[in-house]
Amino acid sequence: MTRTKKALIAVGALLLAGGAAFVGWMGPRNVIGMLRYDQREEGQLKVGEAAPDVEMVALAEGRREKLSAYIGDKPLVLIFGSFT
Numbered sequence: 001m002t003r004t005k006k007a008l009i010a011v012g013a014l015l016l017a018g019g020a021a022f023v024g025w026m027g028p029r030n031v032i033g034m035l036r037y038d039q040r041e042e043g044q045l046k047v048g049e050a051a052p053d054v055e056m057v058a059l060a061e062g063r064r065e066k067l068s069a070y071i072g073d074k075p076l077v078l079i080f081g082s083f084t
């Protein structure tokens, strides 16, 4: 076996061990969920651009409203993320 093959096998073993440690640390369900459902992409909006007029759903009441209904004289902060 050549020196290059041995080095590649050693690197592969390190990557495999690191992956196993990561799965052990995060938990297999979390890793599978991240791989399956995390489909984030880079957005097209730039800093300072107007937000698109999206329709939002209130989680408690199920009421639907447009973002434009909240834009006015007061500052508006939107936080995007998981609610589960």
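Numbering (the working numbering), first residue to last: 1 to 84.
Ideal placement from N, C-alpha and C gives every residue a C-beta, glycine not left out.
To the nearest angstrom, report how far apart residue i and residue j are at their CA atoms.
i      : j      : result
Asp-53 : Gly-72 : 13 Å
Glu-55 : Phe-80 : 14 Å
Leu-45 : Gly-62 : 27 Å
Gly-27 : Leu-14 : 19 Å
Ala-7  : Ile-32 : 30 Å
Leu-64 : Ala-20 : The question names Leu, but residue 64 in the sequence shown is Arg. If you take the alpha carbons of Arg-64 and Ala-20, they lie about 44 Å apart.
Ala-42 : Gly-24 : Ala is not the amino acid found at residue 42; the sequence shown has Glu there. Their Cα atoms are separated by approximately 29 Å.
Taking DSSP as the reference, what is the three-state secondary structure of residue i?
i       : result
Val-57  : strand
Lys-101 : Because the chain spans 1 through 84 in this model, residue 101 falls outside it and cannot be assessed.
Arg-63  : coil
Val-47  : coil
Met-1   : coil
Ile-85  : Only positions 1 to 84 of the chain appear in this structure, which leaves residue 85 out of reach.
Gly-27  : coil
Just to check my reading of the structure: residue i and residue j have Cβ atoms closer than 8 Å, yes? What is that Cβ distance to the nearest angstrom?
i      : j      : result
Ala-50 : Leu-67 : Not quite, the Cβ-Cβ distance comes to about 10 Å (not below 8 Å), so this is no contact.
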